[in-house]
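Student: For reference, each letter of the sequence shown is one residue, going 39 to 288 in my numbering.
Don't be surprised by glycine CBs; every beta carbon is placed ideally from N, CA and C.
Note that the structure is a prediction, hence the values are computed from the model and not measured.
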Amino acid sequence: MANTNDVIVLDAEKYPQVAVWGEKLGTQLGLEYFHLADEYFDYIPQHINHLRIDSKTATFGHKYWGEYRSQQSEYGENEEGTTQKDKVDVDREIVTNYTIPFMKAVLRLKVQEVYEKRYNTLRTKYSVLEDATWGDQLAESQAYLQDDTTAVSLIDRLASIRGLTTSEFAAKVIEKQKEWKGKLFDLAVGEQTVIGKLNDCVNMADMNVFLEDYFGLAMPGELCLDYNRCELNGDGLIVRKEPLVYGLKF
């Protein structure tokens, strides 16, 4: 009997307990999805990024992920117990109503995961104590540069340790703040740029182009021909005009 529980999508390495509670449906791009009973969703820690998707959407999303063809191969057994392959029509209405929304949701989460990792990497360049006192350093630096008679108990001591005047140290803090904000804003803009391209996709062809352009996953051969990224060689085989670079491209 088909599992009708809602589906959770997440990086299971961050919370492996979900694999114990749930029934695995599939995986894409390092994210896994499991059917999960209602009561378990309440136990997912708030800091774990995840999606909750209804069973029908997730099932069709998994089944037809990236499916551009009008027919899909399905395998089964005949009366003699021999494995046989059949061609089954792909319902484009199902793809439009369920698969594409599922793909967009999963890919959006994946993009967010990538940028969250980059943000955390950026933060690791600073110590815990430096991070904890940064607001104070910045406030004192701004106040001191406006009025050098302002009492600044923190940056005065830090400047002395580094052999700088308080003014020199305050100027460095302001410069570091600008540098940090620049990198942070670049990450925010980068994330929203990729998600914007994803949101612009309206059909499965668009989705496959997005997967190739941003995740380095090759689009189907016929689609590759349509986009002039492939050609037919002398043997009538579809070959790429330029080698595909695999992996993240953002």
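Going straight from the alpha carbon of V149 to that of L63, what length do you get?
Tutor: Here the question's residue 149 lines up with position 111 in the sequence shown. Here the question's residue 63 lines up with position 25 in the sequence shown. Roughly 21 Å between the two C-alpha positions.
Student: Is the beta carbon of A256 sitting closer than 8 Å to the one on L236?
Tutor: Here residue 256 is taken as the residue at index 218 of the sequence shown, counted from 1. Here residue 236 is taken as the residue at index 198 of the sequence shown, counted from 1. The answer is no: Cβ separation not under 8 Å.
Student: Counting pairs of Cβ atoms below 8 Å between the region 223-242 and the region 207-214, do you hit three or more?
Tutor: The answer is no - the region 207-214 does not touch the region 223-242, with fewer than three Cβ pairs under 8 Å.
Student: Quick one: what's F72 bridged to in DSSP?
Tutor: As a position in the sequence shown, residue 72 is number 34, starting the count at 1. Answer is I46 and K62.
Student: Specify the secondary structure class of Q84 as computed by DSSP and reduced to three states.
Tutor: The residue given as residue 84 occupies position 46 in the sequence shown. If DSSP states are grouped into helix, strand and coil, Q84 belongs with coil.
Student: From what residue to what residue does the beta strand (DSSP E) around L270 run?
Tutor: Counting from 1 along the sequence shown, the entry for residue 270 is found at position 232. Run containing L270: C268 to L270, per the beta strand (DSSP E) assignment.
Student: Assuming I91 and F140 form a contact by the criterion Cβ under 8 Å, report the distance between their Cβ atoms to the nearest whole angstrom.
Tutor: One-based indexing of the sequence shown puts residue 91 at position 53. One-based indexing of the sequence shown puts residue 140 at position 102. About 7 Å separates the two Cβ atoms, so the contact holds.
Student: Is the CB-CB distance between Y71 and A96 below 8 Å?
Tutor: If you number the sequence shown from 1, residue 71 lands on position 33. If you number the sequence shown from 1, residue 96 lands on position 58. Closer than 8 Å, so yes.
Student: Using 8 Å as the Cβ pair cut-off and three pairs as the minimum, do the region 54-61 and the region 129-138 touch?
Tutor: Verdict: no, contact absent.
Student: Under 8 Å, do I199 and S179 count as touching if we go by C-beta distance?
Tutor: Within the sequence shown, the letter at position 161 stands for residue 199. Within the sequence shown, the letter at position 141 stands for residue 179. No, they are not a contact pair.
Student: Three-state secondary structure (DSSP) at K221?
Tutor: Counting from 1 along the sequence shown, the entry for residue 221 is found at position 183. If DSSP states are grouped into helix, strand and coil, K221 belongs with the helices.
Student: Consult DSSP for L89 and reduce its assignment to one of helix, strand or coil.
Tutor: Residue mapping note: residue 89 aligns to position 51 of the sequence shown, counting from 1. Of the three classes helix, strand and coil, the one that applies to L89 here is strand, per DSSP.
Student: Quick one: grab the DSSP three-state call for R161.
Tutor: Numbered from 1 along the sequence shown, position 123 holds the residue referred to as residue 161. In the structure shown, R161 sits in a helix (DSSP, three-state: H, G or I).
Student: Under a three-way DSSP split, which group does V126 fall into?
Tutor: If you number the sequence shown from 1, residue 126 lands on position 88. It is a strand residue.
Student: Straight-line CA distance for D238 to A170?
Tutor: Stepping through the sequence shown from its first residue, residue 238 is reached at position 200. Stepping through the sequence shown from its first residue, residue 170 is reached at position 132. Roughly 40 Å between the two C-alpha positions.
Student: Taking the straight line between their C-alpha atoms, what separation do you get for Q230 and R156?
Tutor: Working through the sequence shown from its first residue, we reach residue 230 at position 192. Working through the sequence shown from its first residue, we reach residue 156 at position 118. The straight-line gap from Cα to Cα measures roughly 14 Å.
Student: Can you grab the Cα-Cα spacing for the pair L270 / T159, in whole Å?
Tutor: As a first step, residue 270 is located in the sequence shown; it is residue number 232 there, counting from the start. As a first step, residue 159 is located in the sequence shown; it is residue number 121 there, counting from the start. C-alpha separation (whole angstroms): 44 Å.
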